[in-house]
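Take a look at the structure below.
Chains as they are written, first to last, in our numbering: chain Z, 2 to 301; chain Y, 2 to 301; chain R, 2 to 301; chain G, 2 to 301.
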């Protein structure tokens with residue numbers, strides 16, 4: 002290999018990471034005739050002593066992304082997949098401990114739900130439960146752990162108990178006030194667990210539905226004067242009732258449902274017929290923290 | 002308007018249709034504090050005496066697509082939405098009977114499911130049940146009705162009881178035979194009802210789950226030697242057990258799950274760890290008919 | 002293999018087909034330092050003596066979809082890819098002539114364009130030219146050939162010379178008439194070549210740009226009173242000027258650009274600021290035929 | 002409005018922002034018969050004194066997202082759209098200066114390219130040039146400006162002059178080394194301009210093609226031993242040759258093209274026939290900075 006010319010002195014390398022994205026692994030565990038199914042999409046991002054590969058193309062410190070993919074499959078066999086979080090912890094610990102050049106690993110996982118087909122219940126027949134995608138992210142730098150749980154594409158709607166009025170009227174404000182509107186959103190949530198590697202791992206499989214049910218019940222049970230208020234209620238409910246969670250980040254598109262004007266056709270429309278709009282949409286984003294916690298989930 | 006020049010004699014107009022596609026209508030019915038939600042995506046296609054608009058641009062026989070959209074909203078108010086099929090029948094009858102120039106109407110509808118949020122049960126809080134999209138298609142030419150029910154994006158998987166062997170070996174065949182594989186597909190089904198406009202409409206809302214449950218149970222309960230066999234079993238089950246259905250068309254992608262070779266890592270893989278592939282995929286399509294029925298669902 | 006039970010007599014098998022969909026093949030031809038790139042997505046659908054595989058699961062007449070995929074790759078090597086149409090013809094002839102059980106083959110191909118990076122022109126550096134996807138479809142039943150060319154996702158816009166007025170006013174019509182609007186669409190076109198297998202194949206690579214340029218020039222050059230008129234002009238231009246084409250099917254969404262009402266802000270809007278809408282959209286579909294030709298492109 | 006109960010003391014509000022996302026604005030400027038077209042997708046995110054709306058639902062400090070949408074349309078009329086960056090600067094300055102409660106504005110813009118249809122050149126006929134999406138982001142907190150240019154979905158491929166070998170071999174490494182492979186990626190790039198609000202704005206419309214051409218030429222002209230090396234070369238080329246740019250962040254998926262094994266069919270494959278894979282894919286991300294600059298583009 003001919004040495005590639007070094008870059009002119011005006012440029013330098015900043016933060017960088019690499020790895021195999023979207024490795025799709027499905028694991029079947031057979032408990033006699035009863036099978037259990039896990040369905041994940043795993044993305045690995047590694048960083049460390051990677052200056053040379055950028056500057057000269059030398060791969061001497063580079064674990065191939067193909068090997069990171071192979072590791073995902075091998076670990077599904079050797080460690081099993083108790084939960085996305087536990088699986089990510091196995092992977093992050095492995096990459097940072099087995100290669101001197103790798104100083105930090107971030108594992109992102111999407112988990113897809115399946116239900117059993119009930120009739121007939123063969124023990125091995127499943128139907129995809131598409132309501133939402135569960136997410137997890139594990140970061141480890143050899144010392145400090147950060148574990149995020151999450152979900153996305155959970156679509157919810159309240160057909161009443163939502164108002165919107167009393168807002169600023171600037172010269173570009175034409176929106177009428179309303180005391181009864183549809184409030185709908187696709188919940189995109191990530192939450193940070195307090196677990197830092199010391200002591201036993203918490204029960205990730207129990208925590209996911211615990212958080213999810215709080216998000217849903219706060220959405221349903223909040224009489225809303227703005228989507229921001231609902232967002233805060235959802236995040237606060239989790240922080241207040243799930244002690245393992247330090248911080249929740251929510252991104253909530255306002256899926257506008259506009260009341261259709263039927264007057265031109267001689268019809269009333271008493272909050273009955275709505276147009277579901279695509280774009281543009283309001284986008285409300287915010288973090289709710291446990292008192293004393295420091296925000297660590299990226300806001301961008 | 003200056004008359005546009007008529008086309009040279011070598012070209013002539015063939016089949017044509019037009020209308021507003023993807024009108025998104027959400028209807029809320031309030032039964033006291035308990036709300037009911039219907040969420041549709043309606044596409045209208047009309048045809049008839051439309052030569053002039055193509056040849057000279059004269060819109061004298063053209064009902065605007067904007068008006069077809071308005072009709073969808075107005076009918077949601079005046080007729081309600083008892084089922085996608087009944088709603089489509091109202092629309093198709095209206096367009097063909099109210100405009101002399103419109104000779105045929107085809108209404109396609111997607112219906113999105115919602116469940117109630119259980120805790121708290123406010124009566125007005127819903128979560129999108131994304132497992133599949135229900136579809137309906139109604140065609141009417143003023144005389145003859147054709148009603149199709151359907152569903153798509155229903156993802157199912159059997160983790161065993163599927164074999165694949167005994168196939169043709171040509172010079173390009175390298176696939177090994179197997180007696181135990183994962184069988185997974187996204188069910189895309191359309192079925193034609195026998196109802197032709199005479200007599201009462203059948204109970205569309207009861208028929209949809211009746212067909213859906215047959216598709217699921219035949220998928221789960223069929224010990225499969227090929228996806229074609231499973232396809233036929235699914236269609237036949239519907240035709241045999243749901244007398245209102247004359248014909249079923251199924252399009253089933255073979256969502257390949259390849260057993261990962263873990264031997265390079267010193268590991269066995271006894272049908273435990275699979276790679277879920279995206280492309281390419283097998284695509285199996287077929288029609289199953291009631292004996293004596295004539296196929297009418299397009300195969301392309 | 003235990004014989005699966007035969008279906009009850011009320012069901013029978015109708016039209017069916019199968020094959021590997023979306024095989025992505027890229028071919029590089031090295032002409033010294035100058036490389037040539039072809040990038041295809043190939044879908045194979047076969048039909049024939051396939052009753053047994055549906056009824057009993059016997060695969061004795063089934064060429065695997067995996068073998069059809071392998072054939073695509075092998076033929077890219079042995080036959081090259083002169084054009085999507087010629088490649089499809091090789092494949093369709095092979096499947097129908099080499100397997101007694103296969104009576105009909107339909108090959109669908111998407112072709113993605115690449116341009117050379119000009120600076121520096123290394124001879125082997127390309128940038129994807131994403132303006133549209135070229136499509137081709139070849140069907141062969143052992144006797145009769147049908148070859149369709151096509152394109153999709155070709156987005157075009159006229160910012161004036163489009164009017165829309167003089168339409169039907171029914172009780173649901175509220176759209177104002179206009180004598181100056183934006184007309185925009187995504188062209189989805191398929192055209193049928195007259196070539197039936199007798200004689201030399203036409204020059205497919207020359208015909209594609211010949212048709213495409215007619216579609217573009219007719220769109221640009223037609224002063225339009227309706228999108229239907231523009232559709233007909235586009236199809237007729239092709240039929241009249243490209244003798245190899247018998248029939249054109251066009252599907253044109255009306256990508257609405259609504260003039261924004263700026264009056265509430267004390268501003269005029271003289272056809273300057275538009276809102277580009279997503280859904281709903283008008284959808285205009287139609288076939289234009291050469292005089293004497295019989296329509297064969299599916300309309301659904 | 003009944004005051005909503007204040008949250009329990011364990012939760013508190015962190016970073017938050019809101020606004021209208023994906024406002025689609027198209028502007029036509031008529032220079033006699035010659036029209037000019039601008040096509041943007043604008044997303045506004047505002048933050049400031051927004052505690053009350055989260056805690057009690059009071060909207061007293063909330064400018065509606067609907068008003069931010071209206072402002073986009075009005076500003077397209079009053080300020081025109083000289084470039085995405087200049088348009089974003091108008092918007093960000095307006096929101097932060099006109100509302101005391103708004104302390105920071107971030108404007109994200111996607112810009113879609115159109116070319117003139119050449120034959121006939123009507124002056125008002127355009128075809129979408131889909132090769133890539135140009136992006137811009139403007140942030141302003143009343144004092145400090147940050148302007149990012151960018152592009153995404155620019156797909157490029159080198160069919161040779163790419164090697165990959167000399168990498169770490171751990172127990173999960175099975176990838177063979179290669180001295181001639183296809184290197185392909187979708188370029189997703191963002192770059193930060195040094196302009197901080199002092200002095201004239203740079204010529205954004207000239208800078209975009211200046212950066213784009215450097216990215217392309219560095220991709221094409223770099224003999225590559227790894228995608229990381231190519232990434233660094235692309236970023237360094239921009240930093241070294243475009244003085245207005247301080248920092249470049251690149252995210253480059255490795256769009257794997259696997260050489261197909263044709264040996265089972267008795268065929269050689271001398272870097273001719275490739276399988277274009279979808280998932281999983283390597284993902285290489287990195288920042289290149291001007292010496293002395295501080296990284297500010299988010300890495301996550």
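Virtual Cβ for every residue (Gly too), placed ideally from N, Cα, C.
For chain R, is any of its Cβ atoms less than 9 Å away from the one on residue i?
i, result
"residue 176(Y)", "yes"
"residue 153(Y)", "no"
"residue 266(Z)", "yes"
"residue 2(Y)", "Only weak support is given to the placement of residue 2(Y): the predicted model assigns it a pLDDT of 45, under 50, and the value that follows is read from those uncertain coordinates. Chain R, which has a Cβ nearer than 9 Å to the Cβ of residue 2(Y), makes this yes."
Strictly under 9 Å for the Cβ-Cβ distance: is residue i near chain Z by that measure?
i, result
"residue 255(Y)", "no"
"residue 120(Y)", "yes"
"residue 55(G)", "yes"
"residue 292(G)", "yes"
"residue 85(G)", "no"
According to the Cβ coordinates, are residue i and residue j closer than 9 Å?
i, j, result
"residue 56(Y)", "residue 19(Y)", "no"
"residue 41(Z)", "residue 78(Y)", "no"
"residue 286(Z)", "residue 251(Z)", "yes"
"residue 43(Z)", "residue 25(Z)", "yes"
"residue 118(G)", "residue 220(R)", "yes"
"residue 58(G)", "residue 229(Z)", "yes"
"residue 231(G)", "residue 253(G)", "yes"
"residue 283(Z)", "residue 258(Z)", "no"
"residue 1(Y)", "residue 64(R)", "In this structure chain Y extends from 2 to 301, so residue 1(Y) is not present and cannot be described."
"residue 99(Z)", "residue 158(Y)", "no"
"residue 303(G)", "residue 61(G)", "As shown, chain G starts at 2 and ends at 301. That puts residue 303(G) outside it, with no answer to give."
"residue 289(Z)", "residue 207(Z)", "no"
"residue 30(Y)", "residue 273(Z)", "yes"
Indicate whether at least one CB of chain G lies closer than 9 Å to the CB of residue i.
i, result
"residue 240(Z)", "yes"
"residue 208(R)", "no"
"residue 250(R)", "no"
"residue 172(Y)", "yes"
Please name the residue or residues paired with residue i in a DSSP beta bridge.
i, result
"residue 285(Z)", "253(Z) and 19(G)"
"residue 159(G)", "126(R) and 184(G)"
"residue 166(R)", "Note: residue 166(R) sits in no beta bridge, so no partner."
"residue 276(Z)", "259(Z) and 26(Y)"
"residue 151(G)", "136(G) and 191(G)"
"residue 35(Z)", "32(Z)"
"residue 46(Y)", "107(Y)"
"residue 40(R)", "27(R)"
Beta-carbon of residue i versus every beta-carbon of chain Y: anything under 9 Å?
i, result
"residue 157(Z)", "yes"
"residue 80(Z)", "no"
"residue 279(G)", "yes"
Taking 8 Å as the cut-off, does the CB of residue i come closer than this to any heavy atom belonging to the ligand FAD?
i, result
"residue 282(Z)", "The ligand FAD is not among the ligands present in this structure, which contains no ligands whatsoever."
Restricting to runs no shorter than 4 residues, where is the alpha helix (DSSP H) found entirely within the region 221-249 of chain Z? Taking only runs of at least 4 residues, the alpha helix (DSSP H) segments lying wholly in the region 221-249 of chain Z are 228-242.
Would you be able to state if there are at least three C-beta pairs under 8 Å between the region 128-148 of chain G and the region 176-196 of chain G? The region 176-196 of chain G vs the region 128-148 of chain G: in contact.
Sequence ranges, alpha helix (DSSP H) only - wholly within the region 176-225 of chain R, length at least 4: Every alpha helix (DSSP H) of 4 residues or more that sits fully in the region 176-225 of chain R is shown, in chain order, as 205-222.
Using 8 Å as the threshold, is the region 86-94 of chain R in touch with the region 193-209 of chain Y, meaning 3 or more CB pairs across them? Counting C-beta pairs with one atom in each stretch, the region 86-94 of chain R and the region 193-209 of chain Y have fewer than three that are closer than 8 Å, which means they do not touch.
In chain order, what are the residue ranges of uninterrupted beta strand (DSSP E) at least 3 long that sit wholly in the region 87-140 of chain Y? As far as the region 87-140 of chain Y is concerned, its whole beta strand (DSSP E) runs of at least 3 residues are 103-117.
Okay, do the region 170-177 of chain Z and the region 63-72 of chain G touch, 3+ Cβ pairs below 8 Å being the bar? Result yes; three or more Cβ-Cβ pairs closer than 8 Å.
Tell me whether the region 122-129 of chain R and the region 96-107 of chain R touch, counting them as touching only if at least three CB pairs, one residue from each stretch, are closer than 8 Å. At 8 Å Cβ cutoff, the stretches do not touch.
Touching or not, the region 149-162 of chain Z and the region 230-249 of chain Y, by the rule of three or more beta carbon pairs under 8 Å? Segment contact: the region 149-162 of chain Z against the region 230-249 of chain Y, fewer than three CB-CB distances shorter than 8 Å; contact not assigned.
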